[in-house]
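Participant: Numbering (UniProt numbering), first residue to last: 1 to 344.
Note that the Cβ used here is the ideal one computed from N, Cα and C, for glycine as well.
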Amino acid sequence: CEGHGPTTPPACPLARTMEVSLADLEPLFNSVGLDSIINGSSAAGSAVWIKFESEVRAAHTAALGRLRAHLGERCADLVRWIEIEEQTRIQAFQGVLMGEVPGEMYQATVRSILEKVLSKLEAWSCEPVLYRTAAQCLSEYMSSLNHHCNTCAGAGPLASQPHGLGAIAEVDTEALEAFDSSSICSAESMQSDSTHSSVPSVLSAAATAPLPAAAPLYSAASSSAGPASVVGVSIPTAEELRKARRREANRNASSKYRSKRTATLSALMEDISALRSQLASKSSENAVLSAENKLLKQQVAFLQEIMNRKPSPAPASGPQVEPSASAGSPFCFLSAGGDPGGAS
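(1) Please report the residue range of the alpha helix (DSSP H) in which I82 lies.
(2) Smallest Cα separation from R132: which of L121, N146, M269?
(3) For C137, count neighbouring Cβ atoms within 10 angstroms of its own Cβ and tell me buried if that reaches 16, exposed if not.
(4) Where does T109 land, buried or exposed, given buried means 16+ other C-beta within 10 angstroms?
(5) To the nearest angstrom, report how far apart L71 and R80 are at their CA atoms.
(6) The alpha helix (DSSP H) with T237 in it runs from where to where?
(7) In this structure, does DSSP put S143 in helix, strand or coil?
(8) If we ignore side chains and look at the alpha-carbon of each, how far apart do R251 and K282 end up?
(9) If you compare alpha carbons, which of A244, I90, L295 is closest to C149?
(10) Closest to V96 by CA distance: which of Y141, R276, E53, Q278 is it?
(11) Would you call E240 buried or exposed, if buried means 16 or more other Cβ atoms sit within 10 Å of its Cβ?
(12) Distance check for S254 and P128, CA to CA, integer angstroms please.
(13) On the three-state DSSP scale, how would you describe R68?
(14) Do you know how far the Cα of E86 is from the Cα of A92?
(15) Only counting the same chain, and skipping five residues up and downstream in sequence, which positions put a Cβ closer than 7 Å to that of M142?
(16) Identify whether S112 lies in helix, strand or coil by the three-state DSSP scheme.
(17) Which whole-angstrom value describes the C-beta separation of L67 and A135, a residue pair presumed to lie in contact below a C-beta threshold of 8 Å?
(18) Straight-line CA distance for S139 to E292?
(19) If you draw a straight line from the C-alpha of N146 to the C-alpha of E73, how long is it?
(20) Going straight from the alpha carbon of K256 to that of S290, what length do you get?
(21) Closer than 6 Å by C-beta to D77: which residues in its own chain qualify, once you throw out the five before and the five after it? Chain order, please.
(22) According to DSSP, is R247 helix, strand or coil?
(23) CB-CB under 6 Å to I37, same chain, minus the five flanking residues each way: which ones, in chain order?
(24) Whose C-beta lies closer than 7 Å to the C-beta of S112 among residues of the same chain, with five residues either side of it excluded?
(25) R276: buried (16+ other C-beta within 10 angstroms of its C-beta) or exposed?
(26) Have a look at I235 and R246 and give me their C-alpha separation to the nearest angstrom.
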């Protein structure tokens with residue numbers, strides 16, 4: 001009756017969804033016991049994993065700094081390759097933390113990186129000084145990788161969680177903020193409308209704020225008679241929204257990694273083409289110098305042959321006869337006796 005004290009507001013369907021029964025609280029009470037307090041929660045185990053991850057990244061940065069300081073340009077390719085492999089390992093570790101990638105795949109990734117590093121070092125075994133320096137620079141990084149791989153091989157902090165990481169705290173806050181007074185009032189007005197007008201309102205409310213644990217609604221009569229007739233809309237839970245955000249972040253990180261890798265490969269291809277052009281020019285110069293060297297050798301051999309040649313001796317001549325006076329004149333005089341030459 002009006003004027004006889006405050007009246008009780010009608011029960012709201014959305015307000016009833018916030019009520020938690022004792023049956024729902026029993027699993028939570030059983031999970032929080034003495035064993036969980038002594039052994040620590042799964043968040044502590046994940047914190048240990050993150051601590052080891054930070055140690056691996058610090059060792060990676062220190063190893064690259066030592067390589068650049070001691071070897072310089074000799075290890076430029078090795079440093080670039082280690083950076084790419086480290087990005088791959090970080091992505092695999094993030095996938096393990098989110099529950100999208102099994103731990104065995106991360107362990108296989110780490111073992112593959114260790115084997116590749118050892119093969120790179122074995123390629124420098126012909127140069128003992130270079131091999132020893134690179135091994136000393138990478139020893140701490142390889143030890144951290146091996147330790148992190150062995151840590152992940154054990155019973156990890158995420159083994160007991162079927163859905164990977166727990167829900168983010170701010171998601172629960174957003175879900176609770178969705179049930180404010182304005183939402184309840186809109187729900188009351190929504191009940192007075194027709195079924196066709198209520199469905200878009202539910203969709204708009206689902207788009208503005210995530211609701212916890214929403215399921216399709218059906219009547220009891222329809223469930224007993226046959227298959228349930230769905231009269232509501234399935235709303236994504238906070239866990240699904242969190243996973244969707246994580247997938248989007250991973251997709252963005254993967255695209256950035258691919259673009260960076262493409263830029264690195266294009267830079268490598270440009271360097272290779274420049275080196276090939278330099279090699280071609282050096283080869284042509286080498287051919288010209290070889291031809292000039294061959295010509296000079298021929299000239300030196302010709303000059304040596306001339307210098308070593310002995311002079312030939314002059315031909316031997318017979319006794320020379322002095323010509324007479326009569327023999328040298330073209331005329332012959334007759335003597336008094338009538339004989340030419342004056343012979344008696």
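Facilitator: The answer reads as follows:
(1) The residue labelled residue 82 in the question sits at position 82 within the sequence shown. For I82, the enclosing alpha helix (DSSP H) covers residues 76 to 98.
(2) Residue mapping note: residue 132 aligns to position 132 of the sequence shown, counting from 1. The residue from L121, N146, M269 with its alpha-carbon nearest to that of R132 is L121.
(3) Numbered from 1 along the sequence shown, position 137 holds the residue referred to as residue 137. Burial call: buried.
(4) Within the sequence shown, numbered from 1, the residue matching residue 109 stands at position 109. Around the Cβ of T109, a 10 Å sphere holds 16 or more other Cβ atoms; the residue is buried.
(5) Looking up residue 71 in the sequence shown gives position 71. Looking up residue 80 in the sequence shown gives position 80. Cα to Cα, the separation comes out at about 14 Å.
(6) Position 237 of the sequence shown, counting from 1, holds the residue named residue 237. Per DSSP, T237 belongs to no alpha helix (DSSP H) and is neither H nor E.
(7) In the sequence shown, counting from the first residue as 1, residue 143 sits at position 143. Residue state, collapsed to three classes: helix.
(8) The residue you call residue 251 lines up with position 251 of the sequence shown. The residue you call residue 282 lines up with position 282 of the sequence shown. Distance between the alpha carbons of R251 and K282: 46 Å.
(9) Counting from 1 along the sequence shown, the entry for residue 149 is found at position 149. Of the candidates A244, I90, L295, the one whose C-alpha sits nearest the C-alpha of C149 is I90.
(10) As a working note, residue 96 is residue 96 in the sequence shown. Nearest C-alpha to V96: E53.
(11) The residue you call residue 240 lines up with position 240 of the sequence shown. Around the beta-carbon of E240, fewer than 16 other beta-carbon atoms lie within 10 Å, marking it exposed.
(12) The residue you call residue 128 lines up with position 128 of the sequence shown. The residue you call residue 254 lines up with position 254 of the sequence shown. Take the alpha-carbon of P128 and the one of S254: they are about 39 Å apart.
(13) Residue numbering aside, residue 68 sits at position 68 when the sequence shown is read from its first letter. R68 falls in the helix class under three-state DSSP.
(14) Position 92 of the sequence shown, counted from the first residue, corresponds to residue 92. Position 86 of the sequence shown, counted from the first residue, corresponds to residue 86. Straight-line Cα distance between these residues: approximately 10 Å.
(15) As a working note, residue 142 is residue 142 in the sequence shown. Excluding positions up to five away in sequence, the list reads L114, V117.
(16) Translated into the one-based positions of the sequence shown, residue 112 becomes position 112. DSSP places S112 within a helical segment (H, G or I) once states are collapsed to three.
(17) Translated into positions along the sequence shown, residue 67 becomes position 67. Translated into positions along the sequence shown, residue 135 becomes position 135. In fact, because the Cβ distance is near 11 Å, the residues do not count as touching under 8 Å.
(18) Position 139 of the sequence shown holds residue 139. Position 292 of the sequence shown holds residue 292. Roughly 52 Å separates the two Cα atoms.
(19) Taking the sequence shown and counting its residues from 1, one reaches residue 146 at position 146. Taking the sequence shown and counting its residues from 1, one reaches residue 73 at position 73. If you take the alpha carbons of N146 and E73, they lie about 28 Å apart.
(20) Here the question's residue 256 lines up with position 256 in the sequence shown. Here the question's residue 290 lines up with position 290 in the sequence shown. Spanning the two alpha carbons is a distance of roughly 50 Å.
(21) Indexing the sequence shown from 1 puts residue 77 at position 77. Same-chain partners within the cutoff: there are none.
(22) On the sequence shown, residue 247 is found 247 positions in, with the first residue counted as 1. Of the three classes helix, strand and coil, the one that applies to R247 here is helix, per DSSP.
(23) As a position in the sequence shown, residue 37 is number 37, starting the count at 1. Low confidence applies here, because I37 scores a pLDDT of 43, under 50, leaving its location unreliable; read the following figure in that light. Cβ neighbours of I37 beyond the five flanking positions: none.
(24) Position 112 of the sequence shown, counted from the start, is the residue given in the question as residue 112. So no residue of the chain qualifies.
(25) Position 276 of the sequence shown holds residue 276. With fewer than 16 other Cβ atoms within 10 Å, it is exposed.
(26) As a first step, residue 235 must be located in the sequence shown, where it is residue number 235. As a first step, residue 246 must be located in the sequence shown, where it is residue number 246. Taking the straight line joining both Cα atoms gives about 19 Å.
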